[in-house]
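Visitor: Going by numbering that gives the first Met the number 0, the first residue of the sequence shown is number 0, and it counts up by one from there. Have a look at this one.
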Amino acid sequence: MGTVALRVADAAKTFHRDGASRAAFTNIDLEVREGEILALLGPSGCGKSTLLRAIAGIEPVSRGTITLHTDPVARGRTGIVFQDPLLLPWLTISENVALGLGYAANRRVGATETVEAILRDFGIDDLADAYPASLSGGQAQRVSLARTIVTHPRVLLLDEPFAALDPRTRAHLRDWVVDVVRRRHLTAVIVTHDIEEALVVGDRIALMSCQPGTITRIWSRGEGNATEVLAAYQSELPAPTWVI
Numbered sequence: 000m001g002t003v004a005l006r007v008a009d010a011a012k013t014f015h016r017d018g019a020s021r022a023a024f025t026n027i028d029l030e031v032r033e034g035e036i037l038a039l040l041g042p043s044g045c046g047k048s049t050l051l052r053a054i055a056g057i058e059p060v061s062r063g064t065i066t067l068h069t070d071p072v073a074r075g076r077t078g079i080v081f082q083d084p085l086l087l088p089w090l091t092i093s094e095n096v097a098l099g100l101g102y103a104a105n106r107r108v109g110a111t112e113t114v115e116a117i118l119r120d121f122g123i124d125d126l127a128d129a130y131p132a133s134l135s136g137g138q139a140q141r142v143s144l145a146r147t148i149v150t151h152p153r154v155l156l157l158d159e160p161f162a163a164l165d166p167r168t169r170a171h172l173r174d175w176v177v178d179v180v181r182r183r184h185l186t187a188v189i190v191t192h193d194i195e196e197a198l199v200v201g202d203r204i205a206l207m208s209c210q211p212g213t214i215t216r217i218w219s220r221g222e223g224n225a226t227e228v229l230a231a232y233q234s235e236l237p238a239p240t241w242v243i
């Protein structure tokens, strides 16, 4: 791997509401190198999506620093893909992707691809004139990813982008996204609570605990097998509350 693309140092996030405080995550230290895919694995409610939003510059941290290539993180320097594709229903697929090109131009980033070129590369050029309502879940996520990648993000952030898909589509799209990231030499962080997904996608896996979220283990590819990761994951699950 290359130089450090993303560094999170002693980061913490605490929410304050109605006189009460709740720590979403604390003591987070992470490095992601250029061209690497980091899988951020953890149970629901452990703060992994909040951490991803902090990396995106959407949510400020309460303590610590987040830097991209030594520069302080700022909104617009990363690209984020959510579980919901968030396509504008009144625009065609071409027009939705063109929004990304316009955004890249506003950031003074050279747009090296046309809408037609990226639709063709992503295998969705036949959908150029279609509207989002006519797409399958997998097709809609391809469009969402295309719209994000044309903004030339320094780090691509994926917030459980396959969670709403059926198992067959999820596996196919997951492999396709990894191929896109590799071919385009992107740096990526993917949030997931799916152990298999983390093992398949991640060059490294960072396991988060709950309440507040902290990084408890990091495995490099080939270090942790499914049984070991599952045991560590289960140890981080909150104890069930029984109501009789």
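All C-beta atoms, glycine included, are put in the ideal place defined by N, C-alpha and C.
Would you kindly report the start and end of the unbroken beta strand (DSSP E) that includes Ala139?
Guide: First-last for Ala139: 136-148, but that is the alpha helix (DSSP H), not the beta strand (DSSP E).
Visitor: Could you have a look at Leu244 and say whether DSSP puts it in helix, strand or coil?
Guide: With the chain represented from 0 up to 243, any question about residue 244 goes unanswered, as that position is not in the structure.
Visitor: Please report the straight-line C-alpha distance between Ile65 and Thr25, rounded to a whole angstrom.
Guide: Roughly 13 Å separates the two Cα atoms.
Visitor: Around the Cβ of Pro211, are there at least 16 other Cβ atoms within 10 angstroms (buried) or fewer (exposed)?
Guide: When all chains shown are included, Pro211 counts as buried.
Visitor: Expressed to the nearest angstrom, what Euclidean distance is found between the alpha-carbon atoms of Ala247 and Ala53?
Guide: As shown, the chain starts at 0 and ends at 243. That puts residue 247 outside it, with no answer to give.
Visitor: Which residue from Lys12, Phe121, Thr77 puts its Cα closest to that of Gly46?
Guide: The option with the nearest alpha carbon to Gly46 is Lys12.
Visitor: Can you tell me whether Thr49 is helix, strand or coil according to DSSP?
Guide: Looking at Thr49 - three-state DSSP - the assignment turns out to be helix.
Visitor: Sorted by chain position, which residues of the same chain lie with C-beta nearer than 6 Å to Leu50's C-beta, five sequence neighbours on each side aside?
Guide: Closer than 6 Å at Cβ, skipping near neighbours: Phe24.
Visitor: In chain order, which continuous runs of the alpha helix (DSSP H) of length 4 or greater are located wholly inside the segment 9-81?
Guide: The segment 9-81 contains these whole alpha helix (DSSP H) runs: 47-55.
Visitor: My output table needs one value for Ala230: the three-state DSSP class, helix, strand or coil.
Guide: If DSSP states are grouped into helix, strand and coil, Ala230 belongs with the helices.
Visitor: Is the separation between the beta-carbon of Leu155 and that of Leu118 shorter than 8 Å?
Guide: No, Cβ-Cβ distance for Leu155 and Leu118 is not below 8 Å.
Visitor: Let's see if you can read the secondary structure: which residues bound the alpha helix (DSSP H) around Asp158?
Guide: Careful: Asp158 lies outside any alpha helix (DSSP H), inside the beta strand (DSSP E) at 154-158.
Visitor: Mapping DSSP to helix, strand and coil, what is Ile123?
Guide: Note: Ile123 maps to coil in three-state DSSP.
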